[in-house]
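Sequential numbering from 18 applies to the sequence shown in the numbering used here.
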Amino acid sequence: QKGGYPHFMLKEIYEQPDALRNTITPRIVNSLPDFTEDGIDDDVLRNLENITVVACGTAMHAGIVGKAMIEKELRIPVNVEIASEFRYKEPLINEKTLVIVTSQSGETIDTLEALRLAKRCGSKVLSIVNVKGSTIARESDYVLYTHAGPEIAVASTKAYSVQMAAMYLIGCRIGYVKGIYSEDRAREFIRQLLDVIPVIEETLKQADEVKTVANYIKMAPDAFFIGRGLDYTLSLEGALKLKEISYVHAEAYAAGELKHGTIALITDNVPVIALATQESVYGKMISNIREVKARGAYVILVSMDEEYNDGDVCDKHISIPKQDGLFTVFSAAVILQLIAYYTSDAKGLDVDKPRNLAKSVTVE
Ligand code: BG6
């Protein structure tokens with residue numbers, strides 16, 4: 018059942034190229050994103066004025082990545098809400114809002130109640146769901162199924178990647194039908210999104226490198242994940258993954274914000290996983306990394322540089338293939354998943370079934 022892998026989580030990490038292929042390719046017609054088969058009405062995408070994403074946990078983190086991408090590319094405001102908060106508010110949504118509900122299981126009760134509230138507010142609901150025929154899928158106006166296949170490990174990996182891919186496809190289609198994206202730009206976007214698949218295959222070859230880092234992190238009580246822009250949005254998931262399965266306390270921080278807050282916690286040997294894949298802020302990011310390095314941090318740098326040997330910047334460098342910065346979240350996510358996986362495994366923990374955590378939470 019585990020296909021020769023020691024844990025479902027590792028198997029599912031390695032299934033990501035297939036999961037992405039199965040999710041993306043059926044939605045590409047004539048090199049453009051196309052939701053005809055999914056029955057998603059283009060008018061809804063064309064007429065929306067803003068977007069609210071509602072979800073829990075990892076699915077919510079995929080929404081935060083989607084927000085960064087859509088706001089940057091399309092200049093459409095995207096609000097991301099934690100479902101358990103949203104459902105008890107008077108949300109600022111209306112018929113001009115497209116509510117995107119994201120859920121692997123399609124059964125998370127907070128997310129389902131948030132969906133029901135969104136409908137009562139007059140918004141159209143488009144859900145991104147992995148499990149066919151689940152309650153969230155059935156109650157949504159439109160569904161974009163992700164095709165990750167069953168995810169058994171409690172910690173979500175492949176479902177996260179395909180949720181991000183779904184957000185990217187939706188963003189691209191919105192850009193196209195609204196005329197924000199030219200046909201050429203939409204085609205180029207899709208070409209780059211498809212490129213993510215071989216890039217992840219290449220990234221997976223770094224697993225042994227990541228394993229060495231895990232042997233260090235396993236000894237730490239705390240770790241930090243830092244980044245800017247899309248890298249910061251991904252850091253949130255990196256920190257969650259590590260906490261969920263290795264019980265190493267971790268915090269995600271926008272790199273430039275550290276000095277306004279918790280930099281005092283960066284002392285000798287604190288692991289800092291620094292993501293530096295965003296070209297426009299690369300220089301700033303390297304300066305932030307120097308700041309933590311100067312305070313004694315053990316820095317693991319993830320970047321597109323082929324090599325990075327400067328001991329004033331990092332102790333360990335993990336290279337991901339070169340890509341446009343809009344798409345590096347996919348390969349960098351794989352590195353972060355492997356960091357969490359190998360740390361948990363090195364600590365001898367039950368990787369697939371972490372304590373006190375359920376795969377799907379259907380009670381409040
Ligand atoms: C939590 C799971 O209970 O629910 C997380 O432990 C998951 O891994 C979250 O991200 C949301 O679940 P779903 O099924 O709605 O995506």
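Every residue, glycine too, gets a C-beta built ideally from N, C-alpha and C.
- Within the DSSP bridge table, the entry for residue 315 names 288 as partners.
- Buried is the label assigned to residue 248, since at least 16 other Cβ atoms lie within 10 Å of its Cβ.
- In the same chain as residue 34, and ignoring 5 residues on each side of it, the C-beta atoms closer than 7 Å to its own belong to 214, 217, 218, in chain order.
- Between ligand 1 and the CB of residue 376, the shortest heavy atom gap is smaller than 7 Å.
- Judged by DSSP secondary structure, residue 96 falls within the beta strand (DSSP E) whose first and last residues are 95–99.
- With a 10 Å radius around the Cβ and a threshold of 16 neighbouring Cβ atoms, residue 246 comes out buried.
- Between the C-alpha atoms of residue 379 and residue 127 there is a straight-line separation of about 8 Å.
- Taken in chain order, the complete alpha helix (DSSP H) segments of 4 or more residues contained in the region 295–363 are 299–311, 345–363.
- Residue 143 and residue 84 have their alpha carbons spaced roughly 15 Å apart.
- Take the alpha-carbon of residue 187 and the one of residue 54: they are about 14 Å apart.
- Here DSSP, grouped into helix, strand and coil, assigns residue 169 to coil.
- In the displayed model, residue 252 falls within a helix according to three-state DSSP.
- Residues of the same chain with a CB within less than 6 Å of the CB of residue 376, apart from the 5 flanking positions on each side, are 171 in chain order.
- Counting only the Cα atoms, residue 30 lies some 20 Å from residue 234.
- Inter-residue distance for residue 230 and residue 112 is about 48 Å (C-alpha atoms, whole angstroms).
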